[in-house]
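Residue numbers (my numbering): 353 to 703. For every residue, glycine included, the Cβ atom is placed at its ideal position computed from N, Cα and C. The structure appears below as structure tokens.
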Amino acid sequence: MHYSNGNGAAQRAGTTALVAGGAGFLGSHLCERLLADFETVVCVDNYATGSPENVAHLNARQGFRLVKCSVAKLSDQHAGEPQAIFNLACPASPIQYQRTPLSTLLTSVNGTNRLLQIARAKHARLMQASTSEVYGNPAVHPQTEDYWGFVNPYGPRSCYDEGKRAAETLCYIYGQYYGVDVRVGRIFNTYGPRMRENDGRVVSNFIVQALRNESIRIYGDGRQTRSFCYVDDLIDGFLALMRGDVKVHGPINLGNPVEVEVAELARRIIELTGSRSRLVSRPLPVDDPPRRRPDIGRARDLLGWQPRIGLETGLQRTIEYFESRLRSDDNFMAKHAREQRAAVLAGAGDL
Numbered sequence: 353m354h355y356s357n358g359n360g361a362a363q364r365a366g367t368t369a370l371v372a373g374g375a376g377f378l379g380s381h382l383c384e385r386l387l388a389d390f391e392t393v394v395c396v397d398n399y400a401t402g403s404p405e406n407v408a409h410l411n412a413r414q415g416f417r418l419v420k421c422s423v424a425k426l427s428d429q430h431a432g433e434p435q436a437i438f439n440l441a442c443p444a445s446p447i448q449y450q451r452t453p454l455s456t457l458l459t460s461v462n463g464t465n466r467l468l469q470i471a472r473a474k475h476a477r478l479m480q481a482s483t484s485e486v487y488g489n490p491a492v493h494p495q496t497e498d499y500w501g502f503v504n505p506y507g508p509r510s511c512y513d514e515g516k517r518a519a520e521t522l523c524y525i526y527g528q529y530y531g532v533d534v535r536v537g538r539i540f541n542t543y544g545p546r547m548r549e550n551d552g553r554v555v556s557n558f559i560v561q562a563l564r565n566e567s568i569r570i571y572g573d574g575r576q577t578r579s580f581c582y583v584d585d586l587i588d589g590f591l592a593l594m595r596g597d598v599k600v601h602g603p604i605n606l607g608n609p610v611e612v613e614v615a616e617l618a619r620r621i622i623e624l625t626g627s628r629s630r631l632v633s634r635p636l637p638v639d640d641p642p643r644r645r646p647d648i649g650r651a652r653d654l655l656g657w658q659p660r661i662g663l664e665t666g667l668q669r670t671i672e673y674f675e676s677r678l679r680s681d682d683n684f685m686a687k688h689a690r691e692q693r694a695a696v697l698a699g700a701g702d703l
């Protein structure tokens, strides 16, 4: 099965891509891009953390189909006849997944299993969106794909970390024993338009606080590092991972290898926004890794992929997005509270 002919040309008539978690931050950007390659794009989301607002601009596009459903309960009828399946269905923000830990874990396990069943039955290629969190508090730096990680299975982050590790194991089983063509991308910190406000992700938190001239909360001493990849680059990585005939064995890191201290990120955002915000220190969360940086040698060698968009350019685009949101919604915080309550209710009921 060919995802594409390798030169960016659109797929033949009748082809379908399925995106689980398609109304989320990453999923909505992916759905946009896939509409150029597939006749039909099926976006599946239960809105536990995604939002129909993220894909509202796609509703009028020919071939776009939105299905409100838990991925673990996705029917064959709603799935259609996909040639490519992208599994992005899982809360990714610490605030979100710690509010609904059981739902988060079961989404990673039961949801991934359900999509792999569909991929097996339909002879589809599947991409599993894994995470750098599988490395836990890494003893190896930068992190390479052959490092097994150092993860706490009994802590507040374990529902996400161990859920994603279990999902990778499912991908291995279906690939090795059932012949499913599985691609696993381990995603490092990603940012850009359509991130949720104040959801625990450092870039969105800092930008919103800076735009409001509020204190920017730094956890610990701010010397912990992250590697920030702009969303457009990451979607390029997804497509490179799924395209062509190169057989990919095992997970591949997808992220930006440029390492930045959290405090330095805050200072850059203050400068770019012209904010009057000041940095304040808060206790470091449990199991928060001190360093995070991908080794992307496999992605470069096998996929010909590496990020192109620098941090300042990406931050400027993301700041413009949040400025627009703040200007357009006078009830910004009230709306956020409603979304958070709805997410909790949706997650708690989706077991």
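What's the gap between the Cα of residue i and the Cα of residue j?
i, j, result
"S356", "R619", "Unreliable placement is indicated for S356, whose pLDDT of 43 sits below 50; no coordinate value is reported for it."
"R517", "Y524", "11 Å"
"T665", "I671", "10 Å"
"S422", "T459", "8 Å"
"R616", "G574", "The sequence given here has Glu at residue 616, not Arg. Approximately 8 Å, taken between the alpha carbons."
"T483", "F540", "6 Å"
"R652", "I661", "16 Å"
"N557", "F580", "14 Å"
"M547", "Q480", "20 Å"
"P642", "N489", "7 Å"
"A473", "R630", "55 Å"
"E405", "Y499", "38 Å"
"G701", "G656", "Only weak support is given to the placement of G701: the predicted model assigns it a pLDDT of 43, under 50, and the question is left unresolved by the model."
"A476", "L591", "15 Å"
"V638", "A412", "44 Å"
"G358", "L454", "Here the model assigns G358 a pLDDT of 40, short of 50, so the residue's position is not dependable, and the following value carries that caveat. Distance between the alpha carbons of G358 and L454 is about 40 Å."
"R538", "S427", "27 Å"
"G626", "N565", "9 Å"
"Y571", "L586", "26 Å"
"E611", "Y582", "14 Å"
"G607", "R628", "31 Å"
"V536", "S380", "19 Å"
"I305", "C395", "The question about residue 305 has no answer here: the residues shown for the chain are numbered 353 through 703."
Which stretch, first to last residue, makes up the beta strand (DSSP E) that contains residue i?
i, result
"T483", "477-483"
"R417", "416-420"
"I570", "568-571"
"Q431", "In the sequence under discussion, the amino acid at residue 431 is Ala, which differs from the Gln named in the question. First-last for A431: 428-431, but that is the alpha helix (DSSP H), not the beta strand (DSSP E)."
So if DSSP puts residue i in a beta bridge, which residue, or which two residues, is it bridged to?
i, result
"V560", "Answer is none; V560 lacks a bridge partner."
"C581", "T542"
"I604", "G537"
"C523", "Partner(s): none; C523 has no beta bridge."
"P642", "Per DSSP, none; premise fails for P642."
"T392", "T368"
"S633", "I570"
"Q495", "P646"
"F438", "V371, M479"
"D397", "K420"
"E611", "S579"
"F502", "G488"
Quick one, which of the options has its alpha-carbon nearest residue i's?
i, options, result
"T456", "L468, R546, Q469, C442", "C442"
"N462", "K425, S627, P490, G626", "K425"
"T577", "E405, N605, E613, W500", "E613"
"N605", "T542, A491, P641", "T542"
"V600", "A365, E405, E497", "E497"
"F674", "L563, I570, M594", "L563"
"H430", "I622, R466, E520", "R466"
"R451", "P508, V407, A471", "P508"
"Q469", "L591, Y499, G527", "G527"
"R569", "A519, V536, R634", "R634"
"D397", "L386, A412, R413, L440", "L440"
"G432", "F377, L370, G537", "L370"
"Q559", "G531, D533, D640, L667", "This sequence places Ile at residue 559; Gln is not what is there. Among G531, D533, D640, L667, the Cα nearest to that of I559 is on L667."
"Q658", "S427, G376, V632, D584", "D584"
"Y449", "G374, F377, T401", "T401"
"N447", "L654, D640, R669", "One detail in the question is off: residue 447 reads as Ile in this sequence, not Asn. Of L654, D640, R669, the residue nearest in Cα terms is D640."
"A519", "V534, L663, R650", "V534"
"F377", "Y529, P545, R650", "P545"
"K420", "G374, A365, G501, V555", "G374"
"E485", "N504, L478, A471", "N504"
Specify, as a first and last residue, the run of the alpha helix (DSSP H) that residue i falls within.
i, result
"L678", "663-680"
"A369", "No alpha helix (DSSP H) contains A369, which is instead part of the beta strand (DSSP E) from 368-372."
"N465", "464-474"
"A618", "614-625"
"F377", "377-386"
"Y449", "446-451"
Is the stretch 547-554 touching the stretch 502-516, taking contact as three or more C-beta pairs under 8 Å?
-> no
How about the stretch 382-396 and the stretch 429-437: do they share at least three Cβ pairs that are nearer than 8 Å?
-> yes
Between the stretch 487-494 and the stretch 632-646, do at least 3 Cβ pairs fall closer than 8 Å?
-> yes
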